[in-house]
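All residue numbers for the sequence shown refer to our numbering, where the first residue is 1142 and numbers rise by one. Note that the Cβ used here is the ideal one computed from N, Cα and C, for glycine as well. Worksheet: the structure to be examined is printed underneath.
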Amino acid sequence: MVAKSFPSEAQYRRRASEIQASLRANGIDILVASGQDTRRYLGGVDGLAGIRPLWLVLPANGEPEFVSPRLETAEIRFQSWIPVTEEWIEWNDPAFPSRTHLEALNRVLERLSPDKTAVIGADFYQSSAASIDTLRGGFGVERVKDVSDLLVGARLIKDEGVISVVRRAADIALHSYNAIKAELTPGMTEWEVSRIHRTSGMDRAAYWLKDEWEYTPVGFATPLIQAGRDRSSHAHGLASTRVIENGDIVQLCLCGMPLFGHSVGFDRPLLAGDKEIPADVRRIINVAEEAQAAALDAIAPGKTAGDVHSAAFAVVEKHGLVDALRHRTGRGLGSSELEFPELKHGDNTVLQPGMIFAVEPGIYAEGITSARFGDTVLVTDGGFEVLTDTTVGHDL
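Next up, the structure:
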């Protein structure tokens, strides 16, 4: 494994130890996880194709190991502190007896629990039904437990390793926004705006990864960009071939996982050209801005995720625009694309320092405009810190 500045091996080991403690507390002997979120969070493995499954195996008492297709073994050893102990191949070779990922996983589990009495904790959320059925067939239905909530809970409070990467992801989003703002002109298409985002974002990601060359700066999500009154109700409008006209509001969603699979939320409306913004469009923008400000004011340790949503909702309701809502007020961010809790009605999760959210209430008024102001926010002991920049993009 090449030494990395983020996260460190010590941080990975601390995460594994914390999950092992939770496994023991819940009567689980061995964790098996095939989801990319867990292997990134515990092993630092990112960017591998998901066609051939690989497994992370973590005994409640013992060292973690990977079960991998031979195709990916070299890359895993390059990225991770966790060894590959079992490989599977797609041809006959006595040196590699496993032909499928489940055969290879079963060999490891038989070594760790020869009598098959271990209680297996599996991530049902990110494992295939076939994998779960195979585990149950080998160990019995009663010995295969769903630990999805345990793994989600382990990532609720972000350590400094996650926070450090999300800060850099936020910097990449701001870099892309500034590039788009500088180049946006009427006559461009939405997809050309998307290209600016991708190019500028990759440039900035490469800057942060200049000493981390085991990872790639090109792992970008598709930016969501829509422009004009005719696309105003598209909360997740994919950048199209539509030509942007003078006076269009271009709604940017520069969210995704721009760096090492860590997520960021950053949304802003931009004006294309120099036409004056009509009063009906201005009203939607102002209400969206006010709703986000109210949501931010509601963030503090001890408040609930639902409290934050209620603050934004009250603003939208006051202005009679509830019918123009399309989604919750926000979502958890961190070392995967979607984390928990969610800033929505009924989520009573108590906010704690170390949680990170995208705070992004949006209004989508049919035939008028869409407007969403979104930022990445870290809950702190004294309230919150915005990791993106709330001073940017409020000058329409």
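With H, G and I counted as helix, E and B as strand and the rest as coil, what does DSSP make of E1480?
Taking the sequence shown and counting its residues from 1, the one referred to as residue 1480 is at position 339. Here E1480 sits in strand by DSSP.
Give every residue of the same chain whose Cβ lies closer than 7 Å to the Cβ of L1537, excluding the five residues on either side of it in the sequence, and list them in chain order.
As a first step, residue 1537 is located in the sequence shown; it is residue number 396 there, counting from the start. The beta carbon of L1537 sits closer than 7 Å to those of P1410, L1412, I1418 and I1426, all from its chain and outside the five residues before and after it, given in chain order.
Given 8 Å as the limit, is there contact between the stretch 1394 to 1408 and the stretch 1349 to 1367, that is, 3 or more CB pairs closer than that?
The stretch 1394 to 1408, when compared against the stretch 1349 to 1367, does touch it at the 8 Å Cβ threshold.
R1370 beta carbon less than 8 Å from that of G1508
Translated into the one-based positions of the sequence shown, residue 1508 becomes position 367. Translated into the one-based positions of the sequence shown, residue 1370 becomes position 229. Yes, these two residues count as a Cβ contact at 8 Å.
Would A1140 pass as a contact of L1492 if the rule is Cβ separation under 8 Å?
The shown model of the chain, from 1142 to 1537, leaves out residue 1140, and the question about it has no answer.
Taking the straight line between their C-alpha atoms, what separation do you get for G1473 and P1235?
What you label residue 1473 is simply residue 332 of the sequence shown in a count that begins at 1. What you label residue 1235 is simply residue 94 of the sequence shown in a count that begins at 1. Straight across, the Cα-Cα distance linking G1473 with P1235 is about 46 Å.
Leaving out the 5 sequence neighbours to the left and right, which residues in its chain are closer than 6 Å to H1559 when beta-carbon positions are compared?
One cannot answer for residue 1559 here, as it falls past the ends of the chain, which runs 1142 to 1537.
Look at the Cβ atom of T1445, then the Cβ atom of T1490, and state whether they are nearer than 8 Å.
Your numbering for residue 1445 matches position 304 in the sequence shown. Your numbering for residue 1490 matches position 349 in the sequence shown. Pairing T1445 with T1490 gives a Cβ-Cβ distance under 8 Å.
Compute the Euclidean distance between the alpha carbons of R1155 and D1290, then round it to the nearest angstrom.
On the sequence shown, position 14 is the one that residue 1155 refers to. On the sequence shown, position 149 is the one that residue 1290 refers to. Computed Cα separation, rounded: 19 Å.
Let me know the alpha helix (DSSP H) ranges lying completely inside the stretch 1340 to 1424, each 4 residues or longer, listed in chain order.
Counting only runs of at least 4 residues, the stretch 1340 to 1424 fully encloses no alpha helix (DSSP H) element at all.
From the DSSP output, read off the bridge partner residues of W1196.
Residue numbering aside, residue 1196 sits at position 55 when the sequence shown is read from its first letter. Note: W1196 is bridge-paired with V1208 in the DSSP secondary-structure output.
If you run the structure through DSSP and keep just helix, strand and coil, what is V1225?
By one-based count along the sequence shown, residue 1225 stands at place 84. Three-state DSSP puts V1225 in a strand.
Leaving out five residues before and five after R1211 in sequence, what residues of the same chain have Cβ atoms less than 8 Å from its Cβ?
Against the sequence shown, residue 1211 aligns to sequence position 70. Taken in chain order, the residues that qualify are E1228, W1229, I1230 and F1237.
Ignoring anything shorter than 4 residues or poking outside the stretch 1213 to 1291, list the alpha helix (DSSP H) runs there in chain order.
Residue ranges of uninterrupted alpha helix (DSSP H) with 4 or more members, entirely inside the stretch 1213 to 1291 and ordered along the chain, are 1242 to 1253 and 1270 to 1280.
Helix, strand or coil at S1149 [DSSP, three-state]
Counting from 1 along the sequence shown, the entry for residue 1149 is found at position 8. Coil at S1149, not helix or strand.
Does the stretch 1172 to 1180 come into contact with the stretch 1265 to 1274, if we say contact requires no fewer than three beta-carbon pairs (one atom in each stretch) closer than 8 Å?
Yes, the stretch 1172 to 1180 touches the stretch 1265 to 1274.
Considering only C-alpha positions, which residue in the set F1407, P1205 and A1166 is nearest to L1183?
Within the sequence shown, residue 1183 is the residue found at index 42, counting from 1. Considering only alpha carbons, the answer is P1205.
DSSP has R1469 in a bridge; who is on the other side?
Taking the sequence shown and counting its residues from 1, one reaches residue 1469 at position 328. The partner list for R1469 (beta bridge, DSSP) is empty, contrary to what the question assumes.
Going by beta carbon distance, what residues of the same chain come within less than 7 Å of L1519, once the five residues before and after it are set aside?
Stepping through the sequence shown from its first residue, residue 1519 is reached at position 378. For L1519, where only same-chain residues beyond five positions count, the Cβ hits under 7 Å are I1304, I1497, F1525, E1526 and L1528.
Can you tell which of L1379, V1391, A1314 and S1374 has its C-alpha closest to the C-alpha of A1368?
Residue numbering aside, residue 1368 sits at position 227 when the sequence shown is read from its first letter. Nearest neighbour of A1368 by Cα position, chosen from L1379, V1391, A1314 and S1374, turns out to be V1391.
Measuring from the CB of D1516, is there a heavy atom of the ligand MG at a distance below 7 Å?
By its list of ligands, the structure shown contains no ligand whatsoever, and the ligand MG lies outside what it can speak to.
Thinking C-beta only, is V1405 closer than 8 Å to T1517?
On the sequence shown, residue 1517 is found 376 positions in, with the first residue counted as 1. On the sequence shown, residue 1405 is found 264 positions in, with the first residue counted as 1. Yes. Within cutoff.
Between the Cα of D1287 and those of G1414, E1458, L1164 and S1149, spot the shortest distance and give me the residue it belongs to.
Taking the sequence shown and counting its residues from 1, one reaches residue 1287 at position 146. The residue with the shortest Cα to Cα distance from D1287 is L1164.
Test item: CB-CB of H1242 and V1293 under 8 Å
In the sequence shown, counting from the first residue as 1, residue 1242 sits at position 101. In the sequence shown, counting from the first residue as 1, residue 1293 sits at position 152. No; because the gap between Cβ atoms is not below 8 Å, this pair is not in contact.
Between the Cα of F1219 and the Cα atoms of D1421, G1360 and G1188, which residue gives the shortest distance?
The residue labelled residue 1219 in the question sits at position 78 within the sequence shown. Of the residues D1421, G1360 and G1188, the one whose Cα lies closest to the Cα of F1219 is G1188.
Per DSSP, what kind of secondary structure is G1524 in: helix, strand or coil?
Position 383 of the sequence shown, counted from the first residue, corresponds to residue 1524. In the structure shown, G1524 sits in a strand (DSSP, three-state: E or B).
Enumerate in chain order the residues of its own chain whose CB-to-CB distance from N1387 is below 8 Å, with the five nearest sequence positions on each side excluded.
Taking the sequence shown and counting its residues from 1, one reaches residue 1387 at position 246. Closer than 8 Å at Cβ, skipping near neighbours: P1327, A1413, G1414, D1415 and K1416.
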